[in-house]
Amino acid sequence: MTTSTTTRFTPTTRHTPSLHAYDVGLLLLRLAVGLTMAAHGTQKLFGWFGGGGLEGTGQFFTMSGYPSGRTMAAVAGLTETLGGLGLALGLLTPLAGAAVFGTMINALAVKWGGGFFAPDGVEYELVLTVAAASLALTGPGRYAVDRLLPGLRAHRLGYGIAAVVLGAVVAGVILLLRK
Numbered sequence: 060m061t062t063s064t065t066t067r068f069t070p071t072t073r074h075t076p077s078l079h080a081y082d083v084g085l086l087l088l089r090l091a092v093g094l095t096m097a098a099h100g101t102q103k104l105f106g107w108f109g110g111g112g113l114e115g116t117g118q119f120f121t122m123s124g125y126p127s128g129r130t131m132a133a134v135a136g137l138t139e140t141l142g143g144l145g146l147a148l149g150l151l152t153p154l155a156g157a158a159v160f161g162t163m164i165n166a167l168a169v170k171w172g173g174g175f176f177a178p179d180g181v182e183y184e185l186v187l188t189v190a191a192a193s194l195a196l197t198g199p200g201r202y203a204v205d206r207l208l209p210g211l212r213a214h215r216l217g218y219g220i221a222a223v224v225l226g227a228v229v230a231g232v233i234l235l236l237r238k
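So, in structure tokens, the structure goes:
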């Protein structure tokens, strides 16, 4: 009679994911998306970085079918600047992500129809839209100002879902105003 023994492999070291790696990844994503959006906002508000300022951007908004183009340019500029800075700092991250998400939904609507790839497509806007929604849902990670705020110290998925829904509803209302 032959007996066989089964040998179990028991690893001596257990590999667990590094929470710091996740936090550094979220910080990098927040900085890239947030500072990009803040720069776009200052183009609209102040004409920085080759932007049109309120006058030029307002004309673009009017040509794109939005009423009160200059006012809409100010709203978009403030939303992008403040939402972008909020993401970069990790400050009120779900709301900052929702602000960028809603603004980018409108940007997608304006550029829709030019295909997917640049220069006329929506690939850039789509990536920023999804990144903003992702940050609103995941939260900022540990390297963020939110960690200093008692109510936001522990991010909850519900906060992110509520923020993304808010961003989508506000974006939809703005789109309904568009001709």
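Okay, so the sequence shown: first residue is 60 according to our numbering, each after it adds one. In this text, a Cβ means the ideal position worked out from N, Cα and C, and glycines have one as well.
Check                                                                                                                      : Outcome
Same chain, Cβ closer than 7 Å to D82, neighbours up to 5 away in sequence not counted                                     : G200, R201, Y202
Nearest-angstrom beta carbon gap, V223 and A157 [assumed within contact, 8 Å]                                              : 6 Å
Beta-carbon contacts of I220 that lie in its chain and below 8 Å, excluding the five residues immediately before and after : L196
Coarse secondary structure for G226, derived from DSSP in three states                                                     : helix
Member of A191, L211, L78, G174 whose CA lies at the smallest distance from the CA of G161                                 : A191
Residue ranges of each alpha helix (DSSP H) within the stretch 100–157, 4 or longer                                        : 112–122, 128–148
Which listed residue (R129, L137, G128) has its alpha carbon closest to that of A98                                        : L137
Rounded C-alpha distance that separates G143 from A166                                                                     : 15 Å
Between the CA atoms of L78 and F120 - distance to the nearest angstrom                                                    : 43 Å
Range of the contiguous alpha helix (DSSP H) that encloses A195                                                            : 182–197
Member of I233, A132, T95, L236 whose CA lies at the smallest distance from the CA of F105                                 : A132
Residue nearest to M122 in terms of C-alpha spacing, selected from L207, K170, G210                                        : K170
DSSP-derived helix/strand/coil call for F160                                                                               : helix
Where A168 sits in the DSSP three-state scheme                                                                             : helix
Three-state secondary structure assigned by DSSP to H79                                                                    : helix
Reference G231; option with closest CA among E184, P209, A168                                                              : A168
Cβ neighbours of Y218 in the same chain (closer than 6 Å, five flanking residues each side left out)                       : P153
C-alpha gap between R237 and E139, whole angstroms                                                                         : 19 Å
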